[in-house]
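Q: Residue numbers (this note's numbering), protein chains in the order written: chain A, 5 to 286; chain B, 5 to 286.
By construction, the Cβ of each residue, glycine as well, lies at the ideal position given by its N, Cα and C atoms.
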């Protein structure tokens, strides 16, 4: 798993090398290569591997997913949005560079993801399907909608149902589509199972975030803790408490395991990654 | 021409209808349908028409181009960028809504352009070529690079050569690619001619903007005039004066006409559009 992550980082850097020199390129690389879990590309590649496919052949698609994720972090951190100073243990992009550069670096990563997929040697039909899936999930009916709702509920009390809807889009869509894209390549019949598994995993991941925001430290997490309380945000923890939230996480992971065992794949590979996520402390 | 423009506006609205309700959708429609020239989609469709093709078949591709253009206007106007209050005769997006909504609406339009092209009934190979062309031109090696350099030279004196490089990317890339995409559909042998014509037209268009910034009124232009002087920007007018700048515009248009007459197309259609641009007062 460590090797896969290093390969992703290596390829992310390579894909940025041909770009025109300047602050925007520097900012793109700074944010892309900040220490992170590379969760979404790891999920995508691990699912491919669990179908006995050579995951390296799809490395650029994995990088495109990480580019979309990173663009969303850069823009979400902007002063006009969540106004965060710390991300992945480093200054946020607009703090390290400036606001204009951070806006452009986000735009550039959102833009680059398309071209990276379209310039692979995959056949055109697959390129179209993968790009379509990724940009539907990250668009205004997906991740962007999640961020819009998240901002709205900073000043409004959210019900558990509303909170779940935010997480479904803000976190779930991109995690789920990483799995769906792999299924689209490996076995389309399994796509619906991976899709639902992705939403369960996305929700579990987000509830973990809510828990870590009150139980972890800024140093450990690499971003400011306690920000949910400061922003008067409704979270699973404020609505249910830590214990019930953790129970929900465990239940969601159980559902993920069941779905995995129901498929004809190498279960061990993907389970190993899921257990790593379950036990995460940052 | 008026009919074509109305069809573009109509289709832009239709393409936004299926989006999830919310401030981001409202902001997207607000900015997309603000009174504008629709220059880039008009160029794209008129070139197709000049090859006797049914332009309506490619309407969604035209709309994708306008989405990319509009996203760039929304983000360029942000407080962290050019900080403009007026655009196309209306409040800028972040003034009408708020900064977060404007960031997300720009992101959403950049995102939507991909999906709009990929969801047409064109064949996959053409979808890949068109999307690739459009997102290369608007990416960090194209339009985004132009905006980066433009911001840099707000605080630095630019030479005529440096100014031309900014215009080449900030304005030229997207205008040129609108023509290239049409050539890609209609006649690939002509692509190189349209490409260069697009850069000449883009430069002429930008010099016109520099001239209008000192000769027009805010009411006529729909955006603040005199902003170049206020921002201490080097422009064709500050470097060469109005008369020499206008002479350059006329020369560039002459070059465009020559290129058009050298191609086997219906010259009248595209010339009519170019003359309209040459004579523009806003």
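1) Please specify which runs of the alpha helix (DSSP H), each continuous and at least 4 residues long, are wholly inside the segment 42-89 of chain A, giving them in chain order.
2) Residue 95(B) bridges to which residues according to DSSP?
3) Answer yes or no: do residue 198(B) and residue 208(B) have a C-beta to C-beta separation smaller than 8 Å?
4) So with CB distances below 7 Å, who are the chain A contacts of residue 85(B)?
5) With H, G and I counted as helix, E and B as strand and the rest as coil, what does DSSP make of residue 4(B)?
6) What residues in its chain sit with their C-beta under 6 Å from that of residue 182(B), if we drop five residues either side in the sequence?
7) Between residue 104(A) and residue 84(B), what straight-line distance do the alpha-carbon atoms span, to the nearest angstrom?
8) Starting from the Cα of residue 166(B), find the closest Cα among 15(B), 237(B), 196(B) and 42(B) and give me that residue.
9) Reducing DSSP to helix, strand and coil, say where residue 206(B) ends up.
10) So residue 2(B) contacts chain A; which residues on that side make the cut at Cβ distance below 7 Å?
11) Taking residue 65(B) and residue 124(B) to be in contact with their CB atoms under 8 Å, please state how far apart those CB atoms are, rounded to whole angstroms.
12) Using 8 Å as the limit for Cβ to Cβ distance, is residue 162(B) near chain A?
13) Give a yes or no on whether the minimum CB-CB distance between residue 35(B) and chain A is below 8 Å.
14) Could one say the Cβ of residue 26(A) lies closer than 8 Å to chain B's Cβ atoms, at least one of them?
15) Which chain A residues are close to residue 112(B), counting only those with a beta carbon under 8 Å from its beta carbon?
16) Label residue 135(B) either buried or exposed according to how many other C-beta atoms from any shown protein chain fall within 10 Å of its C-beta, with 16 as the threshold for buried.
17) Taking just the CA atoms, how far does residue 111(B) sit from residue 28(B)?
18) Measure the Cβ-Cβ separation of residue 206(B) and residue 175(B) and say whether it is below 8 Å.
19) If you follow the alpha helix (DSSP H) that residue 31(B) is in, where does it begin and where does it stop?
20) Write down every uninterrupted run of the alpha helix (DSSP H) in the segment 252-284 of chain B whose length is 4 residues or greater and which is fully enclosed by it, in chain order.
21) Quick one: which chain A residues come within Cβ less than 7 Å of residue 139(B)?
22) Give the single residue among 54(B), 61(B) and 97(B) whose Cα lies nearest to the Cα of residue 75(B).
23) Roughly how many angstroms separate the alpha carbons of residue 220(A) and residue 229(A), rounded to a whole number?
24) Could you compute how far the alpha carbon of residue 173(A) sits from the alpha carbon of residue 244(B)?
25) Near residue 271(B), what residues of its chain come up, given a Cβ to Cβ distance below 8 Å and the 5 sequence neighbours on each side ignored?
A: The short version:
1) 43-54 and 63-80
2) 90(B)
3) Taking the C-beta atoms as reference points, residue 208(B) is found no nearer than 8 Å to residue 198(B).
4) Within chain A, the residues near residue 85(B) are 104 and 107.
5) With chain B covering only 5 through 286, there is no way to say anything about residue 4(B).
6) 44, 47, 48 and 69
7) Straight-line measurement puts the Cα of residue 84(B) at about 5 Å from the Cα of residue 104(A).
8) 237(B)
9) helix
10) Residue 2(B) lies beyond the range of chain B shown here (5 to 286); nothing can be said about it.
11) 7 Å
12) no
13) no
14) yes
15) 143, 144 and 148
16) buried
17) 10 Å
18) yes
19) 27-36
20) 271-282
21) 115, 118 and 119
22) Ranked by Cα distance from residue 75(B), the options 54(B), 61(B) and 97(B) are led by 97(B).
23) 7 Å
24) Residue 173(A) and residue 244(B): Cα-Cα distance of roughly 52 Å.
25) 54, 264 and 265
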